[in-house]
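**Q** Which chain is which? The protein sequence lines are A, B and C, in order. Be aware that the first sequence starts at 1, since it is given in the working numbering, and climbs by one per residue. Be aware that the second sequence starts at 1001, since it is given in the working numbering, and climbs by one per residue. Be aware that the third sequence starts at 2001, since it is given in the working numbering, and climbs by one per residue. Built from N, CA and C at the ideal position, the CB exists for glycine as well. This structure is a prediction, so every number in the text was calculated from the model and none was measured. Let me give you the structure first, and then I'll get to my questions.
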Amino acid sequence: MSDTHAQTARFVRESMLPEREPPLAEVGAVKWVRENLFSGWLNILLTVVSAVVIGWILLHIVPWFWNSVWKAGSLSQCREIRDEAFGPGASSACFAVITDRWHQLVFGFYPQTLYWRPVTALIVFLIAASPVLFPRLPRQALWFSAISPFIMFWLLWGGSVWAPLSVLLGIVLAYVAFRIASRFVSPVLAMLAGVAVAVLCWGLLAGPLTTDMSRILPIRLRAVGSDDFGGFMLSFIIGVSAIILSLPLGILLALGRQSDLFFINKVSVAFIELIRGVPLIVWLFTASLLLNYFLPPGTNFDLMLRVIIMVTLFSAAYIAEVVRGGLAALPKGQYEGADSLGLDYWQSMRLIILPQALKISIPGIVNTFIGLFKDTTLVVFIGLLDPIGLSNAIRASTDWNGVYFELFVFIGLMFFICCFSMSRYSIALEKKLQREHR
Amino acid sequence: MASTVDASSRQGFKLSQLIYDTRYRSLTIQAIAMALLVLFLSWLVSNTVQNLSDLGKDFDFGFLGQRAGYDINQTLIPYTSGSSHARAAIVGILNTLLVAFLGCILATIVGVIAGVLRLSKNWLVARLMTVYVEGFRNVPLLLWIIAIFAMMTEATPQPRDFREGGTASMWLWDSVAVSNRGVYIPAPVWGPGSTALIIVFVLSIAAIIGFRRYAFRRQEATGVLLPILPVSLALFFLPSILAYFVLGGPVSLAYPELGGFNFQGGLHMRNSLIALWLALSLYTGAFIAEIVRGGILSVAKGQSEAAFALGLRPSRTMNLVILPQAMRVIIPPLISQYLNLTKNSSLAIAVGYMDARSTLGGITINQTGRELEGMLLLGLFYLVLSLIISGAMNVFNARMKLKER
Amino acid sequence: MSDVAHEMQTSRAIDRSQMQVSDEVAIQITDMNKWFGQFHVLRDIDLTVYRGERIVICGPSGSGKSTLIRCINHLEEHQAGRIVVDGIELSNDLKNIDKIRSEVGMCFQHFNLFPHLTILENCTLAPIWVRKVPKREAEETAMHYLTKVKIPDQANKYPGQLSGGQQQRVAIARSLCMRPRIMLFDEPTSALDPEMIKEVLDTMIELAEEGMTMLCVTHEMGFARQVANRVIFMDQGQIVEQNEPEEFFGNPQSERTKLFLSQILGH
């Protein structure tokens, strides 16, 4: 820079300036409080109002919690203990009801000695779900996920091990038949062959196989009826099985809704809108009141299965919308790339489109599951014992008549822990997918 | 493909063309799908017919004309137990619509406030709103409904506690009573001359709309900005207040008063309505808060920076740049939340609120044994309602769609 | 653009020993028309491509050049006229469409690699599922072509980990794994940074040197001059001019061509 102005004073720094502390108002707690709580009249007002609200809530809740009684046989006993310790009429929670009855809220009337079975089933479920939810785990683990439903079914309902195994056998045979047939005929025909083999296996083979094998190699657990299922276990079973069972149907509906084929498109849209337009509770009443009308005369199966079928159909419509979003998010180039290589529709869906679309859809599917899990509480209205139903049952006993909020807090907390952690997971995954997408 | 058509017609039609020819393939698939569907549906129908005849029932909507014979505790239109089932159904439908309408309004207010406050720089408020949103979103609505209902019935005073020397007192200068029988609020009494007051009010609203139009036209023509907000406020309040006094106070309030064992006069809002309304609004409000927050965050920061760089003031930036873009993102999911709220109002069953499901889909079915017809009508009602709402949403989306390549 | 062209011409001598055009017809398009709704995109297209030809198609955007080559493997459906590829008529018969697609390779502007599959899996997917080749053999073929496009060491990475130029070379290798007899290129270098264009063009030149029949929609006029044996200029859905590159660039006939060339080479 030779053309510096003549007036510009020459300057060369002799020593570098050390770092200095900012003025007091700019650092630490003072700055933080000023900026975050009292930066203007509106802000001050908001701070004061929310402090009052928080104070009011704490004033009511803290003593109630603080004075809570955890060991008592009934509500009146609870009251006695309270009167003794804190004086009559003091605000006090009687959490003794939870100590006394928590196992019912969690397991319903499942036999107490067999609690290890639902617990093991839960562990199996978590192991099975992890390779789906965390893509970093080895893909081979998905095989375990595929057979885990049979293990869980056997653990929960008990009975002979050969019943779920023969169902599994049907599916394996169907897959083998499909693979063999697809070498010779078109994939659609091969799929039909697979279905036919499965139906034959279940219809002809499964019954005799189960009875014979049970006689030869009697591996069985004590059978537990659906009537004994209840509490969070019931909510979880209904939610999980509905989501898993609804995935295939939901994917088909999403493909149908994306399809160019007029009739298939309209049928998918009609089904989705019909299901989504009517509240779940109406569908549940349909399951309990009407399903028997639609099935062949004389069919009768237990209410829990009917509910699972209905909730499956219900969640399929919601899953379909989620998957449709995933399909729409894929660039058109992916479809064209698959086409230009000569893949047919099912191949390109199976190998290219769905793996990507489903990956994008996982957060949405998790959110659907959260909604469904919360909605399983509605089964109380058709007589199943979900946590809320059990809270009513507990209150109906003479010991605990009049206990409300302790039960609500416990149930609410359980739901909150499950749903909140799942929603955190889904948000984290969504962010990760967005980063990858960029 | 003109020439190929010739080619194939020359060779004649082959059966394999049904599968491999792109022109027939889709028709073949659809025909098969349709056949399967028809088969399935006819299977369902034949089962139903068989089952109905086994039970000695028929399929008939005649029961709607019969005497209902049960009471409904909240009726918006005249109804007695002697009215027909159809009228009971309508009372229920109106009750559903009432709680849904009230819920949508309160949920929007709560949701917008919570959503905006969650973005506030005020640490305390933002945290408080986060706790509210997460707390309500992650706990089943049903639990909130029964918890709020329990709070209303178990933790509020009985009417007799409001007597002289009792433990409870009314709120807001003795005008609102919160008791375990429900909430009592003052009811408006329309005296003579109130029609004129309403006309004045409607006219002032019309004047506000007219003034705003005029102001915008004026601004377009001359560039001069008129003070819109103060004039609108003045137009809104002044004429009505003036008219109220000129007409000698034609509208008065009837206050609830304790008489005997209960309150008399005023408007009685049942606990079932209040619990359902509050729970629905707070629950849906939490979802709306997230939608609002997401909508505001979705407008890129560059947008407001660009507007500031052009010299627009923050309030103008909000009105002219941020809100129009945020609304586009907010409104569609907002409407689907309204839809959810409406459907969730069927949880009225938990608190004994007499909505469509409780009358048409509940007591009527139990009394007449017409499950099939009753559930069909109930489903149809919800379906039509949601189709109307989603239809409105589609119209909105089509209109608001950003013009993009 | 002209800079790149210049650099290319001096960078490397092209081995023309195998670039021979035979009399065998590879693609025959007669009287082909296509509409998008009311819009007449392609009008009376007549084009015969002989085996071994390297054709560059250029023209302003919206002239229908991409649509033309997308019709050849039925990514777009034409409404009138005939397209015969390798003796197979592109008719309504799905089997014919599949046959043509496995004979004709295509490279896209945005590569369209499958992001959830590794490079190797991208290359072996179609041979395994369409040609029903055993996996081992498909992988050997894939490695052969990946070596040819000079990225064998990236075989186990995912597309997202590669640069644009590398991705486009993978896309070329992916097409080659189906052993196509014809290659279509739809603006293969338009989405690339300037420094990556050359590596992709080099790959395309090598392909041309081996005698591959190629149809390229591109604005790389240097490539057209050096490699093409025919340049086609399209405008408003029709073929306006076609000629040998020397003649096309040296002595354009149509006014539209002159205008177009002056716009893209002039500055």
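#1: Out of G1294(B), R1217(B), A1206(B), L1276(B), point me to the one whose CA is closest to L1341(B)'s CA.
#2: Nearest CA to the CA of Q1303(B): which residue from V1321(B), F1396(B), C1104(B), R1313(B)?
#3: Whole angstroms are fine: how far does the CA of G342(A) sit from the CA of K2135(C)?
#4: Using the rule of at least 16 other Cβ atoms within 10 Å of the residue's Cβ for burial, across every protein chain shown, is K1343(B) buried or exposed?
#5: Beta carbon of F271(A), beta carbon of Q1030(B): below 7 angstroms?
#6: For L1197(B), which residues of its own chain have a beta-carbon under 8 angstroms away from its beta-carbon, when the five flanking residues on both sides are left out?
#7: So, for L429(A): in the same chain, excluding its five sequence neighbours on each side, which residues have a beta-carbon less than 7 angstroms away from its beta-carbon?
#8: If you measure from the beta carbon of N2092(C) to each beta carbon in chain B, is any gap under 7 angstroms?
#9: DSSP three-state label for T1284(B), please.
#10: Going by beta carbon distance, what residues of the same chain come within less than 7 angstroms of G239(A), once the five residues before and after it are set aside?
#11: Which residues of the region 1248 to 1280 of chain B have a Cβ closer than 8 angstroms to any Cβ of chain A? Give them in chain order.
#12: Counting contacts by CB-CB distance shorter than 7 angstroms, is M1375(B) in contact with chain A?
#13: How is E2024(C) classed by DSSP in three states: helix, strand or coil?
#14: Span of the alpha helix (DSSP H) holding R1218(B)?
#15: Can you list, in chain order, the stretches of the alpha helix (DSSP H) that have 4 or more residues and sit fully within the region 344 to 370 of chain A?
#16: Can you tell which of L1097(B), L1124(B), W1123(B), T1108(B) has its C-alpha closest to the C-alpha of L1385(B)?
#17: What is the DSSP secondary structure of T2213(C), counted as helix, strand or coil?
#18: Quick check: what's the CA-CA separation for F1211(B) versus S1315(B)?
#19: Looking only at C-alpha atoms, which of L1376(B), L1377(B), L1372(B) sits nearest to L1055(B)?
#20: Pick from A1306(B), F1396(B), T1359(B), L1280(B): whose alpha carbon is nearest that of I1145(B)?
#21: Throw me the rounded Cβ distance for the T2257(C) and T2218(C) pair, which I believe falls under 8 angstroms.
#22: Could you give the DSSP three-state label for A1254(B): helix, strand or coil?
#23: Measure the Cβ-Cβ separation of A93(A) and F65(A) and say whether it is below 7 angstroms.
#24: Could you name each continuous beta strand (DSSP E) segment of 3 residues or more that falls completely within the region 2054 to 2098 of chain C, going from the start of the chain to the end?
#25: From the DSSP output, read off the bridge partner residues of F2039(C).
#26: So, under 8 angstroms CB-CB, Q1074(B) and R1270(B) are touching, yes? Tell me the CB distance rounded to an integer number of Å.
#27: Cα separation between F2249(C) and R2225(C)?
#28: Sorted by chain position, which residues of the same chain lie with C-beta nearer than 8 angstroms to V1189(B)'s C-beta, five sequence neighbours on each side aside?
#29: Taking the alpha-carbon of N2238(C) as reference, which of I2057(C), N2229(C), C2107(C) has the nearest alpha-carbon?
#30: From the DSSP secondary-structure annotation, give me the bridge partner or partners of L205(A).
#31: Taking the continuous alpha helix (DSSP H) assigned at F294(A), which residues delimit it?
#32: So the candidates are S235(A), F285(A), L234(A), L313(A); which of them puts its Cα closest to the Cα of L253(A)?
#33: Let's test the definition: count the other Cβ atoms within 10 Å of the Cβ of D1355(B) and tell me whether it reaches 16, buried, or not, exposed.
#34: State the CB to CB distance for the pair L2120(C) and A2142(C), rounded to an integer number of angstroms; the pair is presumed to be in contact (CB under 8 angstroms).
#35: Could you work out which residue in M16(A), V30(A), S15(A) is closest to W22(A) when comparing CA atoms only?
#36: Might you give, ordered along the chain, the residues of its own chain that have their beta carbon closer than 6 angstroms to the beta carbon of L2215(C), omitting 5 neighbours on each side?
**A** Walking through what the data contain:
#1: Translated into the one-based positions of the second sequence, residue 1341(B) becomes position 341. Taking only the C-alpha atoms, the option nearest L1341(B) is L1276(B).
#2: Taking the first residue of the second sequence as 1, we reach residue 1303(B) at position 303. It is V1321(B).
#3: In the third sequence, counting from the first residue as 1, residue 2135(C) sits at position 135. In the first sequence, counting from the first residue as 1, residue 342(A) sits at position 342. If you take the alpha carbons of K2135(C) and G342(A), they lie about 18 angstroms apart.
#4: One-based indexing of the second sequence puts residue 1343(B) at position 343. Classification of K1343(B): buried, given that the 10 Å Cβ count is 16 or more.
#5: Walking along the first sequence from the start, residue 271(A) turns up at place 271. Walking along the second sequence from the start, residue 1030(B) turns up at place 30. Result no, Cβ atoms of F271(A) and Q1030(B) do not sit closer than 7 angstroms.
#6: Taking the second sequence and counting its residues from 1, one reaches residue 1197(B) at position 197. Around L1197(B): S1240, A1243, Y1244, L1247, P1250, V1251.
#7: Within the first sequence, numbered from 1, the residue matching residue 429(A) stands at position 429. Sequence-distant partners of L429(A) (beyond 5 residues in either direction) whose C-beta falls short of 7 angstroms from its own C-beta, in its chain, are I362, P363.
#8: For this step, residue 2092(C) is matched to residue 92 along the third sequence. Yes, contact with chain B.
#9: Looking up residue 1284(B) in the second sequence gives position 284. Residue state, collapsed to three classes: helix.
#10: Sequence index remark: in the first sequence, residue 239(A) carries index 239 (1-based). F369, L372, F373, T376.
#11: Taking 8 angstroms as the Cβ-Cβ cut-off against chain A, none of the residues of the region 1248 to 1280 of chain B qualify.
#12: Against the second sequence, residue 1375(B) aligns to sequence position 375. Closer than 7 angstroms: yes.
#13: Working through the third sequence from its first residue, we reach residue 2024(C) at position 24. Of the three classes helix, strand and coil, the one that applies to E2024(C) here is coil, per DSSP.
#14: The residue given as residue 1218(B) occupies position 218 in the second sequence. Unbroken alpha helix (DSSP H) run through R1218(B): 1194 to 1222.
#15: 345 to 348
#16: Within the second sequence, residue 1385(B) is the residue found at index 385, counting from 1. Taking only the C-alpha atoms, the option nearest L1385(B) is L1097(B).
#17: For the purposes of this step, residue 2213(C) is identified with residue 213 of the third sequence, where counting begins at 1. Strand, per DSSP.
#18: For the purposes of this step, residue 1211(B) is taken as the residue at position 211 of the second sequence. For the purposes of this step, residue 1315(B) is taken as the residue at position 315 of the second sequence. If I take the Cα positions, the gap works out to 21 angstroms.
#19: In the second sequence, residue 1055(B) corresponds to position 55, counting from 1. The residue from L1376(B), L1377(B), L1372(B) with its alpha-carbon nearest to that of L1055(B) is L1372(B).
#20: The sequence position of residue 1145(B) within the second sequence is 145, counting from 1. Closest option to I1145(B), Cα to Cα, is L1280(B).
#21: As a first step, residue 2257(C) must be located in the third sequence, where it is residue number 257. As a first step, residue 2218(C) must be located in the third sequence, where it is residue number 218. That belief does not hold up - the Cβ atoms of T2257(C) and T2218(C) are roughly 16 angstroms apart, past 8 angstroms.
#22: Counted from its first residue, the second sequence places residue 1254(B) at position 254. A1254(B) falls in the strand class under three-state DSSP.
#23: On the first sequence, position 93 is the one that residue 93(A) refers to. On the first sequence, position 65 is the one that residue 65(A) refers to. Yes, these two residues count as a Cβ contact at 7 angstroms.
#24: Counting whole runs of 3 or more residues, the region 2054 to 2098 of chain C contains the beta strand (DSSP E) stretches 2054 to 2058, 2080 to 2085.
#25: As a position in the third sequence, residue 2039(C) is number 39, starting the count at 1. F2036(C).
#26: Mapped onto the second sequence, residue 1074(B) falls at position 74. Mapped onto the second sequence, residue 1270(B) falls at position 270. 6 angstroms between Cβ atoms; contact.
#27: The residue given as residue 2249(C) occupies position 249 in the third sequence. The residue given as residue 2225(C) occupies position 225 in the third sequence. About 8 angstroms.
#28: Residue numbering aside, residue 1189(B) sits at position 189 when the second sequence is read from its first letter. V1251, S1252, L1253, A1254.
#29: The residue you call residue 2238(C) lines up with position 238 of the third sequence. Per the sequence shown, the amino acid found at residue 2238(C) is Gln instead of Asn. The shortest C-alpha separation from Q2238(C) is found at I2057(C).
#30: For the purposes of this step, residue 205(A) is taken as the residue at position 205 of the first sequence. BP columns for L205(A) are empty, so no partner.
#31: On the first sequence, residue 294(A) is found 294 positions in, with the first residue counted as 1. Residues 291 to 294.
#32: Residue 253(A) sits at position 253 when you count from the first residue of the first sequence. The shortest Cα separation from L253(A) among S235(A), F285(A), L234(A), L313(A) belongs to L313(A).
#33: As a working mapping, residue 1355(B) is identified with position 355 in the second sequence. Classification of D1355(B): buried, given that the 10 Å Cβ count is 16 or more.
#34: Residue 2120(C) sits at position 120 when you count from the first residue of the third sequence. Residue 2142(C) sits at position 142 when you count from the first residue of the third sequence. Their Cβ separation, rounded to whole angstroms, is 6 angstroms, which keeps L2120(C) and A2142(C) in contact under 8 angstroms.
#35: Within the first sequence, numbered from 1, the residue matching residue 22(A) stands at position 22. Before going on, a small fix: residue 22(A) reads as Pro here, not Trp. When each option's Cα is compared against that of P22(A), the closest is V30(A).
#36: Along the third sequence, read from residue 1 onward, the residue named residue 2215(C) stands at position 215. These residues qualify, in order along the chain: I2055, I2069, L2184.
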